[in-house]
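To start, the structure under review is shown below, and the notes come after it.
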Amino acid sequence: MTAMTQTASTALIPNNLPVPNALGSLDAYIGAVYQIPVLTSEEEQSLARRFHEDEDLDAARELVHSHLRFVVHVARGYNGYGLPLGDLIQEGNIGLMKAVKRFDPDQGVRLVSFAVHWIRAEMHEFILKNWRIVKVATTKAQRKLFFNLRKSKKRLGWLNAAEVSAVAKDLNVSEREVLEMESRLSGRDIGFDAPANEDEERAPPSPAAYLRTAEEDPSQLYEREDEEDNQLALLREGLSNLDERSRDIVKRRWLDGEGKITLQELADEYGVSAERIRQIEANALKKMRALFAA
161 MTAMTQTAST
171 ALIPNNLPVP
181 NALGSLDAYI
191 GAVYQIPVLT
201 SEEEQSLARR
211 FHEDEDLDAA
221 RELVHSHLRF
231 VVHVARGYNG
241 YGLPLGDLIQ
251 EGNIGLMKAV
261 KRFDPDQGVR
271 LVSFAVHWIR
281 AEMHEFILKN
291 WRIVKVATTK
301 AQRKLFFNLR
311 KSKKRLGWLN
321 AAEVSAVAKD
331 LNVSEREVLE
341 MESRLSGRDI
351 GFDAPANEDE
361 ERAPPSPAAY
371 LRTAEEDPSQ
381 LYEREDEEDN
391 QLALLREGLS
401 NLDERSRDIV
411 KRRWLDGEGK
421 ITLQELADEY
431 GVSAERIRQI
441 EANALKKMRA
451 LFAA
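Heads up, the final residue of the sequence shown is numbered 454 in our numbering, and it's a clean run with no missing numbers.
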């Protein structure tokens with residue numbers, strides 16, 4: 161990655177965050193971006209309008225910062241390509257900044273849903289640029305075999321058994337290694353995305369089709385996790401608004417991991433009837449549901 165690309169990809173990252181691919185700082189970077197608060201829909205709309213209408217760069221920077229965790233989330237989905245996670249994150253950050261620049265707050269969608277296309281596009285381009293060399297030769301021994309095998313081949317096409325044996329002997333490697341490398345050399349690059357004019361029913365799946373399943377769409381996963389975080393925050397707030405006895409009853413009846421305690425057991429402990437415990441529980445749950453419905 162060039163110095164210019166690295167500078168562009170970190171230009172809007174907070175000054176107190178380490179650079180994603182700096183030595184030993186990736187875990188610190190990921191930990192830091194997950195500490196940045198997630199924006200509400202109203203906050204996001206306000207910042208987007210400030211940026212587009214007033215050219216407020218601070219607003220754009222805040223939009224980028226609040227979505228850095230989403231870039232990390234998407235980048236982790238591409239770990240299987242043998243590319244550094246830090247590099248993938250930096251490329252995704254470039255896509256995020258492009259998305260913020262193009263985001264229209266009047267379209268009625270959240271930035272995270274709009275940005276996923278730009279983030280993945282930058283990561284896909286980075287993978288394409290590096291995929292070929294990663295697949296052909298990944299170790300020093302494979303690179304040596306790669307160059308020597310090109311020189312040793314006597315004809316085009318696949319090597320026959322005698323040629324494989326001769327090459328293996330000349331290069332002091334196993335026949336299996338020769339066959340594997342020749343398979344890589346004889347392979348051809350194919351389109352990452354399916355051609356636009358291809359018959360979808362008859363065309364074989366493109367590589368892009370294998371990257372993610374429909375159930376693992378990054379924007380949906382992120383939104384689901386965000387919703388779970390919001391629900392957990394509301395649950396904590398609801399419990400904090402209850403009196404001590406009501407809070408204890410709800411926790412032990414519904415949130416204790418050791419098993420649900422009975423109304424009679426709580427009634428014996430508090431010296432009241434089971435019906436009274438049921439009433440306290442019902443009133444507490446009603447108050448909490450009202451908070452969730454608000």
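Built from N, CA and C at the ideal position, the CB exists for glycine as well. Keep in mind that this is a model prediction, so the values were computed, not measured.
The beta carbons of Leu207 and Leu228 sit no closer together than 8 Å. Note that the C-beta distance between Leu451 and Leu394 is below 8 Å. Rounded to whole angstroms, the gap between the alpha carbons of Asn443 and Asn390 is 23 Å.
Annotation for Glu251: the continuous alpha helix (DSSP H) segment containing it runs 245 to 262. Distances from the CA of Glu388 to each of Glu203, Ile190, Gly431, Val198 were compared; the closest alpha carbon is that of Val198.
Between Ile279 and Gly246, the C-beta spacing is not below 8 Å.
No Cβ-Cβ contact shorter than 8 Å links Ala235 with Leu256. Rounded to whole angstroms, the separation of the alpha carbons of Ala275 and Val193 is 17 Å.
Annotation for Gln205: the continuous alpha helix (DSSP H) segment containing it runs 201 to 214. Of the residues assessed, Arg413 falls on the buried side of the cut-off, its CB having 16 or more other CB atoms within 10 angstroms. With fewer than 16 other Cβ atoms inside 10 Å of its own Cβ, Gln267 counts as exposed. Residue burial is scored here from C-beta neighbours: Val269 has fewer than 16 other C-beta atoms within 10 angstroms and is therefore classed as exposed. Only buried fits Ser226, as 16 or more other CB atoms lie within 10 angstroms of its CB. If the five residues before and after Val324 are omitted, its C-beta is found closer than 7 Å to the C-beta atoms of Glu335, Val338, Leu339, all from its own chain and listed in chain order. When rounded, the separation of the alpha-carbon atoms in Val432 and Ala188 is 52 Å. Gly398 counts as buried, since no fewer than 16 other beta carbons sit within 10 angstroms of its beta carbon. Residue nearest to Val272 within the set Asn332, Arg449, Phe230 is Phe230 (criterion: CA-CA distance).
Secondary structure of His233 (DSSP, three-state): helix. In the three-state scheme derived from DSSP, where H, G and I count as helix and E and B as strand, Gln424 is classed as helix.
When the beta-carbon positions are compared, Leu402 and Val410 come within less than 8 Å of each other. Take the alpha-carbon of Leu217 and the one of Phe263: they are about 14 Å apart. Under a 10 Å Cβ-count criterion, Gln195 is classified as exposed, with fewer than 16 other Cβ atoms of the shown protein chains found around its own Cβ. Per DSSP, the continuous alpha helix (DSSP H) segment holding Ser406 begins and ends at 404 to 410.
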